[in-house]
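Written out below as structure tokens is the structure these notes cover.
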Amino acid sequence: MEHSIRGLLYFFLGLPLLASSQIHLSGKMVAADTEKPLAYVNIGIRNKNVGTVSNSKGSYELKLKHDYAEDTLTFSLVGYHDFAVSIGELRDGGMEVVRLKPKTVDLQVVEVFGKKLVERKFGVKRRNFLIHFTDGMFTQEDIFEIGQLIKLGEHPARIKDVNLYINAPREDSATFRINFYRYDGKRPAARIIEKSMIQRHAVQQGWLRLKLEEPVRLKGDCIVTVEFIPEEKKDVPNIAYEVKLGGTSKSFYRRNSQGTWNTPPHHYCLYVTALVDTEQPETDDDVESMPAFSLYSNTVKDSFSIFVQLPEEYGKKKHQRHPVIYHLDGNAYFDQIRDAVQHSKQNKDAVEPIVVGIGYANAYLMDSLRVRDYTFPPAPAEDSLLISGGGDKFYSFIKSILVPHVDRVYRTDSANRTIMGHSFGGYFVLYALLHDYLDEGNTTIFNNYVAASPSIAYGSNYLFNRLVTLDKNTFKNEKPLKLFLTMGERELAADGNHSFKLFSESLGRVNGIELKSKIYKDTEHMGTAIPSFEDGMDFFDFSMSGEK
141 MEHSIRGLLY FFLGLPLLAS SQIHLSGKMV AADTEKPLAY VNIGIRNKNV GTVSNSKGSY
201 ELKLKHDYAE DTLTFSLVGY HDFAVSIGEL RDGGMEVVRL KPKTVDLQVV EVFGKKLVER
261 KFGVKRRNFL IHFTDGMFTQ EDIFEIGQLI KLGEHPARIK DVNLYINAPR EDSATFRINF
321 YRYDGKRPAA RIIEKSMIQR HAVQQGWLRL KLEEPVRLKG DCIVTVEFIP EEKKDVPNIA
381 YEVKLGGTSK SFYRRNSQGT WNTPPHHYCL YVTALVDTEQ PETDDDVESM PAFSLYSNTV
441 KDSFSIFVQL PEEYGKKKHQ RHPVIYHLDG NAYFDQIRDA VQHSKQNKDA VEPIVVGIGY
501 ANAYLMDSLR VRDYTFPPAP AEDSLLISGG GDKFYSFIKS ILVPHVDRVY RTDSANRTIM
561 GHSFGGYFVL YALLHDYLDE GNTTIFNNYV AASPSIAYGS NYLFNRLVTL DKNTFKNEKP
621 LKLFLTMGER ELAADGNHSF KLFSESLGRV NGIELKSKIY KDTEHMGTAI PSFEDGMDFF
681 DFSMSGEK
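Numbering-wise, my numbering comes out as the position in the sequence shown, counting from 1, plus 140.
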């Protein structure tokens, strides 16, 4: 059973960014010392997801909007010094010869000690053999690059190859570049290896092995990436590679040369094979959490898998009550949100929250049923959603079954509950907010809400229409409901009716709702979930005493 990431979870609803090209740049990349052409040079505006790559003969062409005329264009290639120049200094329509100076790099040699070396795999090496999700979100007008955090441990390792699972074959071969980056704790940082590792392979279904000509010797945490070089021939099918949901691994992507690194909601099936000392302890760097229990809902007529993470000090502080963070799409996000809680920037008086993920029996069911549970009212026939509109029943399950059960089993702070969701999950969070505001009065279920890239226009703008009916003076809670509302800049560019802006402005005028909104720069729909959840936790106050 196979699903495209374009449809998977309805996370990836972003539309192509429409742009008019008015500045035309072209030229040739050469080495400053030899004047030989340089192939596959990354050319772009840093962190703006605008760029291209030189072809196999060193030639490049780039069209830009005049909005970028004051920006700086950077030329970058492994083993050479970066070259940056103001776009205004380049000739519009002319040919430029850009010379890159080679680097003199003194590599630190990491030796592998031990009487005997053993071969081990590091990264995401397991796949679901029954359910397959593929990523097809990238177009090949420029490079795109996907990476995986690799935890090699304290002992030196000799990396022999990089492996990526390809989900479907194609007739044309493909060119790949392997890169190694440092990890700054959040995303890829500087390159570790200043050596060009470019390979061309046939695209066949299965594990693609990118064998290194010379072993790379590293230790500790690093990020290994596979960069997909665009084909010079037109209309070549995209490469479909496999991804998995859930787990503690960290993946990253960027869709353009010099582009912004983003964190996807899934993980790439990418690992390295390395020789390590026999003393190196074996660890699994992609542990996937299992549900703590399941609950049946009479209103939904279905069961839900519930994931739970208790605070580290939960067993020691027997009288401490804890805030609770509930989040949707538990199969996909639980491990990542759990990790984010542990690295939250809450102040020293904060009480660590309990994390509760609301999921399904497996990721396939989540893909199929989330629209049923996260939407209201039912979608019109033209939207082609088979089942939808059960948000009222799902809300009733959370209010009447899940929250009372969690409060009964765990030491919770009933005055501090948060709910988080992305895409249709974000829509449900807003539905719950308005439901709490209008219908619950002084007995709101939640106090804090994170709506990441919510599908605001769903149901013929149902949420917006309900919002405009709010009476500014009806809310009587002592504390306002706090909402963190986000969207990606790239998806906003495709939002022709400006629904996010209008919705935010209307919410900002409602008495009793404290709104903080954020637009993530150069980010599309699928890239907003994880940073929204992380930033949302820093917006809310978990510093109440928690003592009973």
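All C-beta atoms, glycine included, are put in the ideal place defined by N, C-alpha and C.
Span of the alpha helix (DSSP H), counted from its first residue to its last, around residue 546: Stepping through the sequence shown from its first residue, residue 546 is reached at position 406. It spans 543-549 - the alpha helix (DSSP H) in which residue 546 sits, taken as one unbroken run.
Using CA coordinates, which residue listed in 441, 444, 462, 440 is at the minimum distance from residue 450? Position 310 of the sequence shown, counted from the start, is the residue given in the question as residue 450. The shortest C-alpha separation from residue 450 is found at 462.
Quick one: grab the DSSP three-state call for residue 269. Reading the sequence shown from its first residue, position 129 is the one you call residue 269. Since pLDDT at residue 269 reaches only 48, below the 50 mark, its modelled position is unreliable, and the value read off the structure follows with that caveat. If DSSP states are grouped into helix, strand and coil, residue 269 belongs with coil.
Compare the beta carbon distance of residue 440 and residue 464 with 9 angstroms and say whether it is the shorter of the two. Here residue 440 is taken as the residue at index 300 of the sequence shown, counted from 1. Here residue 464 is taken as the residue at index 324 of the sequence shown, counted from 1. Going by C-beta atoms, residue 440 is not nearer than 9 angstroms to residue 464.
Selected residue, minimal CA-CA separation from residue 281, among 429, 603, 377, 382: To locate residue 281, count along the sequence shown from 1; it is residue 141. Nearest C-alpha to residue 281: 377.
Smallest Cα separation from residue 334: which of 220, 621, 191, 355? In the sequence shown, residue 334 corresponds to position 194, counting from 1. If we check each option's Cα against that of residue 334, 220 comes out closest.
In the DSSP output, what is residue 298 paired with across the bridge? Locating residue 298 in the sequence shown gives position 158, counting from the first residue. DSSP, once it has assigned bridges, lists 357, 415 as partnering residue 298.
Buried versus exposed call for residue 561 [16 or more other C-beta atoms within 10 Å across all chains shown]: Within the sequence shown, numbered from 1, the residue matching residue 561 stands at position 421. Buried, since its Cβ has 16 or more Cβ neighbours within 10 Å.
Can you check which of these residues, 262, 652, 285, is closest to residue 402 by C-alpha distance? Locating residue 402 in the sequence shown gives position 262, counting from the first residue. Closest option to residue 402, Cα to Cα, is 285.
Segment contact, 8 angstroms Cβ cut-off, at least three pairs: the region 409-417 with the region 502-516: no
Residue of 435, 295, 422, 385 minimising C-alpha distance to residue 720: Summary: the structure shown does not reach residue 720, with the chain confined to residues 141 through 688, and so no result is reported for it.
Would a C-beta distance cut-off of 9 angstroms place residue 264 and residue 407 closer than the cut-off? Reading the sequence shown from its first residue, position 124 is the one you call residue 264. Reading the sequence shown from its first residue, position 267 is the one you call residue 407. Yes, the Cβ-Cβ distance between residue 264 and residue 407 is below 9 angstroms.
Touch check for the region 187-195 and the region 651-667: three-plus C-beta pairs under 8 angstroms? yes
Let me make sure I understand the geometry here. Which of 680, 667, 679, 677 has the alpha-carbon closest to that of residue 399? Residue mapping note: residue 399 aligns to position 259 of the sequence shown, counting from 1. When each option's Cα is compared against that of residue 399, the closest is 667.
Can you tell me whether residue 482 is buried or exposed, with buried defined as 16 or more other CB within 10 angstroms of its CB? Sequence index remark: in the sequence shown, residue 482 carries index 342 (1-based). So residue 482 ends up on the exposed side.
Between which two residues does the beta strand (DSSP E) harbouring residue 207 extend? Within the sequence shown, numbered from 1, the residue matching residue 207 stands at position 67. That residue, residue 207, is in no beta strand (DSSP E); it is neither H nor E in DSSP.
Per DSSP, which one or two residues make a beta bridge with residue 552? Here residue 552 refers to the residue found at position 412 when the sequence shown is read from its first residue. Note: residue 552 sits in a beta bridge opposite 462.
Can you tell me the Cα-Cα spacing of residue 475 and residue 167, whole angstroms? Taking the sequence shown and counting its residues from 1, one reaches residue 475 at position 335. Taking the sequence shown and counting its residues from 1, one reaches residue 167 at position 27. If you take the alpha carbons of residue 475 and residue 167, they lie about 46 angstroms apart.
Can the beta-carbon of residue 499 be found less than 9 angstroms from the beta-carbon of residue 515? The residue you call residue 499 lines up with position 359 of the sequence shown. The residue you call residue 515 lines up with position 375 of the sequence shown. No. Outside cutoff.
I'd like to know if the region 347-367 and the region 312-331 are in contact, where contact means that at least 3 CB-CB pairs between them fall below 8 angstroms. yes
Between the beta-carbon of residue 585 and the beta-carbon of residue 543, is there less than 9 angstroms? Counting from one through the sequence shown, the residue named residue 585 turns up at place 445. Counting from one through the sequence shown, the residue named residue 543 turns up at place 403. Going by C-beta atoms, residue 585 is nearer than 9 angstroms to residue 543.
Based on DSSP bridge pairs, tell me the residues matched to residue 558. On the sequence shown, residue 558 is found 418 positions in, with the first residue counted as 1. Paired residue(s): 465, 588.
CA-to-CA distance, residue 244 to residue 116, given in whole angstroms: There is no way to answer for residue 116, as the model of the chain reaches only from 141 to 688.
Is the region 669-683 in contact with the region 189-208, if contact means three or more CB pairs nearer than 8 angstroms? no
Roughly how many whole angstroms lie between the Cα atoms of residue 609 and residue 438? Walking along the sequence shown from the start, residue 609 turns up at place 469. Walking along the sequence shown from the start, residue 438 turns up at place 298. Straight-line Cα distance between these residues: approximately 31 angstroms.
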